[in-house]
Structures are given as C-alpha cells and as structure tokens.
Amino acid sequence: GAGVSQSPSNKVTEKGKDVELRCDPISGHTALYWYRQSLGQGLEFLIYFQGNSAPDKSGLPSDRFSAERTGGSVSTLTIQRTQQEDSAVYLCASSQQGSGANVLTFGAGSRLTVL
Amino acid sequence: QKEVEQNSGPLSVPEGAIASLNCTYSDRGSQSFFWYRQYSGKSPELIMSIYSNGDKEDGRFTAQLNKASQYVSLLIRDSQPSDSATYLCAVTGGGTSYGKLTFGQGTILTVHP
C-alpha cells in the first residue's frame, strides 16, 4: 500500500484480556519496527524485524509481549493478560534497505486502553 | 544514563527567531542520526537525517553532528507557528545493533506570533 497501515486504530479492553495489533508495512520495505508511546512520552523501542534475520526483541518489556512477522510483510504484536500500564499508542514503522535504511515511515498507530 | 537524551522543554521562541534543539547519545558506535517532528495526536515524520560530522542544511533546517562529543542538534531558522511540535532525536545502535533506532524523549517547541 501507499503507507503503513495499522489496525485497530483504537482498542479498549479489560485488564487480563489478550489483544492483537496488526501492522501492514509499505510494500517492498524489508524492515519493520514496533514502538510504544505513552501519553506525553517519547517512543519506546519494542522490537525490530529485518528481512529474514532473527528479530531484535530487546525492547519487549515482559514475556506477555510477543510479535511475529509473516512472509516478510504483515506483523502482529500480541499482548497477553493486559495490564493498565500497557495503555499507550503502539506505533509501527517500516523502512527500506540501502540508502533508505533506518528512514522510518510510521503508521497512524493503535491506541490501546486497558480498563 | 539514557541512550538518547533531549531537554524536554518546552522551548518557546518568537516567530522569525532561530530555534535550537539539542541531543546527546551514549553509543559511540552509532552511525546514523535523525530528527523527526511529531504534531500533537499525530505520528512522527522525518525532517532530517545526518550521517557524517558537520552541518547539513535543508531549507530552514540545519542538522549538526559532532561524533567526538556524541552530540547532534537541529536549528530551525525563521521559526513559524506551524513549527510548533515535539521534535524527536533518533539514533541507530552501533555494531550488531545497527538496525535498532532509539528515540529521545522529545523536545516540545512552541513558536509564538
């Protein structure tokens, strides 16, 4: 597609429920990133996928968080047993290889509210 | 020590003035440096990238990099009210962490008429 697409745009869930957030990167972009942004805060790195390489999971805050990327394209971020502190905007971004490496294009984000 | 540090501000400048935004980073192996702008309620968008020491100019924006001092800055000349936003500094990791892009907390800039 023309841009990075994220769904859902808004998700309200109850504490303890599992949620899945989806990201569809720009076609041809080999790198995909997930960040989390709490209200008034900067971007917190979660996970990074590059092609067929093993993902960099160093930012995942706990084992309740996991992400996968199927076929080198669409990615799903899963949060199990959600907690109130998981409430944030989850941003996905993608970038291409070569001269455009690390130049991120962001999606509109998925706003998660855990009650 | 945070990996990427910025003054959170807010930084307030009058219209037409120069706004100066600063960022320091901890990983000496970092190779690529970026400034993103984020309007309230929106996603970040790229303004500038810089990869080598010195200055890089693009219109009213100038990025400055000093790897020895681990310092990168953004100057905005002839600031406009439409420049009011949060400015995020982003730095790639060194070595095997090259692909990982770490952001600072952001500096809130307000340009008043």
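As you go down the protein sequences, you meet chains R and U in turn. Each residue of the first sequence is one higher than the last, beginning at -19 in this note's numbering. Each residue of the second sequence is one higher than the last, beginning at -7 in this note's numbering. Cβ atoms here follow ideal geometry from the backbone N, Cα and C, with glycine treated the same way.
What does residue i touch in chain U if you count any residue whose Cβ is under 8 Å from its own?
{"i": "residue 25 of chain R", "result": "92, 93, 94 and 95"}
{"i": "residue 89 of chain R", "result": "35"}
{"i": "residue 76 of chain R", "result": "Going along chain U, no residue has its Cβ under 8 Å from residue 76 of chain R, so there is no contact; the nearest lies around 12 Å."}
Using a threshold of 8 Å, state whether the C-beta atoms of residue i and residue j are closer than that.
{"i": "residue 39 of chain U", "j": "residue 25 of chain U", "result": "no"}
{"i": "residue 30 of chain U", "j": "residue 99 of chain U", "result": "no"}
{"i": "residue 32 of chain R", "j": "residue 52 of chain R", "result": "yes"}
{"i": "residue 5 of chain U", "j": "residue 71 of chain U", "result": "yes"}
{"i": "residue 18 of chain U", "j": "residue 49 of chain U", "result": "no"}
{"i": "residue -4 of chain R", "j": "residue 80 of chain U", "result": "no"}
{"i": "residue 0 of chain U", "j": "residue 62 of chain U", "result": "no"}
{"i": "residue 47 of chain R", "j": "residue -16 of chain R", "result": "no"}
{"i": "residue -8 of chain R", "j": "residue 62 of chain R", "result": "no"}
{"i": "residue 13 of chain R", "j": "residue 84 of chain R", "result": "yes"}
{"i": "residue 86 of chain R", "j": "residue 74 of chain U", "result": "no"}
{"i": "residue 92 of chain U", "j": "residue 84 of chain U", "result": "yes"}
{"i": "residue 39 of chain R", "j": "residue 69 of chain R", "result": "no"}
{"i": "residue 11 of chain U", "j": "residue 3 of chain U", "result": "yes"}
Any beta-carbon of chain R closer than 8 Å to the one on residue i?
{"i": "residue 24 of chain U", "result": "yes"}
{"i": "residue 21 of chain U", "result": "no"}
{"i": "residue 102 of chain U", "result": "no"}
{"i": "residue 98 of chain U", "result": "yes"}
Are the C-beta atoms of residue i and some chain U residue less than 8 Å apart?
{"i": "residue 11 of chain R", "result": "yes"}
{"i": "residue 71 of chain R", "result": "yes"}
{"i": "residue 36 of chain R", "result": "yes"}
{"i": "residue 30 of chain R", "result": "yes"}
Using a cut-off of 9 Å between C-beta atoms, extract the partners of residue i located in chain U.
{"i": "residue 84 of chain R", "result": "26, 28, 36, 38, 82 and 93"}
{"i": "residue 21 of chain R", "result": "97 and 98"}
So what does DSSP say about residue i, is it helix, strand or coil?
{"i": "residue 37 of chain U", "result": "strand"}
{"i": "residue 53 of chain R", "result": "coil"}
{"i": "residue 35 of chain R", "result": "coil"}
{"i": "residue 4 of chain R", "result": "strand"}
{"i": "residue 74 of chain U", "result": "helix"}
{"i": "residue -6 of chain R", "result": "coil"}
{"i": "residue -5 of chain U", "result": "coil"}
{"i": "residue 7 of chain U", "result": "coil"}
{"i": "residue 19 of chain U", "result": "coil"}
{"i": "residue 56 of chain U", "result": "strand"}
{"i": "residue 64 of chain R", "result": "helix"}
{"i": "residue 43 of chain R", "result": "coil"}
{"i": "residue 84 of chain U", "result": "strand"}
{"i": "residue 45 of chain U", "result": "coil"}
{"i": "residue 77 of chain R", "result": "coil"}
{"i": "residue -18 of chain R", "result": "coil"}
{"i": "residue 88 of chain R", "result": "coil"}
{"i": "residue 9 of chain R", "result": "coil"}
{"i": "residue 21 of chain R", "result": "coil"}
Legend entry - Near-chain R residues of the stretch 33 to 55 of chain U (beta-carbon distance less than 9 Å), N- to C-terminal order: 34, 35, 36, 37, 38 and 41
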